[in-house]
Amino acid sequence: KQMEDCCDPAHLFAMTKMNSPMGKSMWYDGEFLYSFTIDNSTYSLFPQATPFQLPLKKCAVVGNGGILKKSGCGRQIDEANFVMRCNLPPLSSEYTKDVGSKSHLVTANPSIIRQRSDKYLTTGTGEALKIRLDPAVPMHLTIASPLKIGPAPPNHQSQLLPLLSPLWFQNLLWSRKTFVDNMKIYNHSYIYMPAFSMKTGTEPSLRVYYTLSDVGANQTVLFANPNFLRSIGKFWKSRGIHAKRLSTGLFLVSAALGLCEEVAIYGFWPFSVNMHEQPISHHYYDNVLPFSGFHAMPEEFLQLWYLHKIGALRMQLDPCEEPSLQPTS
Numbered sequence: 002k003q004m005e006d007c008c009d010p011a012h013l014f015a016m017t018k019m020n021s022p023m024g025k026s027m028w029y030d031g032e033f034l035y036s037f038t039i040d041n042s043t044y045s046l047f048p049q050a051t052p053f054q055l056p057l058k059k060c061a062v063v064g065n066g067g068i069l070k071k072s073g074c075g076r077q078i079d080e081a082n083f084v085m086r087c088n089l090p091p092l093s094s095e096y097t098k099d100v101g102s103k104s105h106l107v108t109a110n111p112s113i114i115r116q117r118s119d120k121y122l123t124t125g126t127g128e129a130l131k132i133r134l135d136p137a138v139p140m141h142l143t144i145a146s147p148l149k150i151g152p153a154p155p156n157h158q159s160q161l162l163p164l165l166s167p168l169w170f171q172n173l174l175w176s177r178k179t180f181v182d183n184m185k186i187y188n189h190s191y192i193y194m195p196a197f198s199m200k201t202g203t204e205p206s207l208r209v210y211y212t213l214s215d216v217g218a219n220q221t222v223l224f225a226n227p228n229f230l231r232s233i234g235k236f237w238k239s240r241g242i243h244a245k246r247l248s249t250g251l252f253l254v255s256a257a258l259g260l261c262e263e264v265a266i267y268g269f270w271p272f273s274v275n276m277h278e279q280p281i282s283h284h285y286y287d288n289v290l291p292f293s294g295f296h297a298m299p300e301e302f303l304q305l306w307y308l309h310k311i312g313a314l315r316m317q318l319d320p321c322e323e324p325s326l327q328p329t330s
């Protein structure tokens, strides 16, 4: 109820023709110096209204925490009516038993892959991506095998692959098919992008929209409403979360609380050991740590734990199925 009163996710979650009329001036929520005006070219990209049949009944918000590894939660996640996922996570078959395969909404934030040079990332298909930073050439990624974090293995096979980053998006001009193919893992999902959160994210987000739209892809891009993001940030700041920016996961959980009748969250665990003090990786698919100081993950976790304790949502921390009971295929 508090989330509905403060932030109205039912109407403001995404930019629509109803809440963002032509000629309206809006401020980027992540920058204080830049505003933009809704013109005909951007207005035409918005749906008439929030495209969900509200309220959504049973929602699963899936984070990417290492606590999901060997959890056997895939079946339970896929039983939800609406599944939300963060930051284009890997959903290949090796992860299905733990994280499921269904997706209805997936966030795609250009900042998630601004990583240090010569590191590997993963796409939705689980491929390894190497970033090469070279001031003399455009930014690009290369596929490398086997999957790992670190230097490229000797004699690896590579090819160009675009992904979500302001500079890498120029690759969509000539590598659109590869990009579209890598998005197919998300089926008919909405791709939720903060096009108007930071000025540098606008052009990349629009390129994603046009790329998926032009080829008739099953995915549909929704743009986050900067007024909604700003309201969510203020809501949690007033409750003790002091960070440069909230995590994508907390934004999604906040939205779900206003959009769904029931909310269950998975993979939200910002610690290096599980509840039985066994070491776990940072993500279920790798152990790459985030930049320090940007998010306040322990503070966020405490707020989510409180919501779990009062029954506002259900936080899954234990395995959903014992390893011996999980399907072998």
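Just so you know, we're using my numbering here: the sequence shown kicks off at 2 and counts up by one. Glycine included, every Cβ here is placed at the ideal spot set by N, Cα and C.
Determine which residues share a DSSP beta bridge with residue i and list them.
| i | result |
| --- | --- |
| isoleucine 266 | Val62, Met316 |
| alanine 15 | Ala225 |
| cysteine 261 | Leu57 |
| tryptophan 28 | Ser36 |
| histidine 284 | Gly66 |
| valine 274 | Pro280 |
| methionine 194 | Phe224 |
What is the C-beta distance between residue i and residue j, in whole angstroms, given that I count them as a contact (C-beta under 8 Å)?
| i | j | result |
| --- | --- | --- |
| threonine 212 | valine 181 | 7 Å |
| alanine 19 | glutamine 49 | Per the sequence shown, residue 19 should be read as methionine rather than alanine. So it is a contact: roughly 7 Å between Cβ atoms. |
| histidine 12 | threonine 51 | 7 Å |
| phenylalanine 236 | cysteine 7 | 5 Å |
| cysteine 74 | threonine 108 | Not a contact, Cβ separation roughly 19 Å. |
| proline 195 | asparagine 110 | 6 Å |
| isoleucine 68 | leucine 251 | That pair is no contact at about 16 Å. |
| asparagine 188 | asparagine 226 | That pair is no contact at about 24 Å. |
| leucine 314 | isoleucine 266 | 6 Å |
Determine the burial state of residue i: buried for a count of at least 16 other Cβ atoms within 10 Å of its Cβ, exposed for fewer.
| i | result |
| --- | --- |
| methionine 199 | buried |
| glutamate 5 | exposed |
| methionine 23 | exposed |
| threonine 264 | In the sequence on display, residue 264 carries valine and not threonine. Buried, since its Cβ has 16 or more Cβ neighbours within 10 Å. |
| glycine 31 | buried |
| leucine 290 | exposed |
| methionine 276 | exposed |
| threonine 249 | buried |
| valine 216 | exposed |
| histidine 105 | buried |
| glutamate 95 | exposed |
| threonine 17 | buried |
| glutamine 279 | exposed |
| proline 299 | exposed |
| lysine 131 | Per-residue confidence for lysine 131 stands at a pLDDT of 38, beneath the threshold of 50, marking its modelled position as unreliable; the derived number appears in the next sentence. Answer is buried; the Cβ neighbour count reaches 16. |
| aspartate 287 | buried |
| aspartate 135 | Legend: pLDDT at aspartate 135 = 31, less than 50; position of this residue unreliable, no value from coordinates given. |
| glutamate 301 | buried |
| serine 21 | buried |
| serine 273 | exposed |
Under 8 Å: does the beta carbon of residue i sit that close to some heavy atom of the ligand NAP?
| i | result |
| --- | --- |
| methionine 23 | In terms of ligand content, the structure shown is empty, and the ligand NAP therefore cannot be addressed. |
**Touch test, the segment 53-71 against the segment 300-309, Cβ-Cβ under 8 Å, three pairs minimum** = no
**Unbroken stretches of the alpha helix (DSSP H), 4 residues or longer, contained in the segment 68-119** = 75-79, 97-100
**Request:** Examine the Cβ distances between the segment 238-247 and the segment 34-43 and report whether three or more of them are shorter than 8 Å.
**Result:** Taking 8 Å as the limit for Cβ pairs, the verdict is that the segment 34-43 does not touch the segment 238-247.
**Message:** For the structure I just gave you, are there three or more beta carbon pairs, one from the segment 73-81 and one from the segment 93-109, closer than 8 Å?
**Reply:** yes
**Prompt:** Going along the chain, which unbroken runs of the beta strand (DSSP E) with 3 or more residues stay wholly within the segment 196-253?
**Reply:** 221-224
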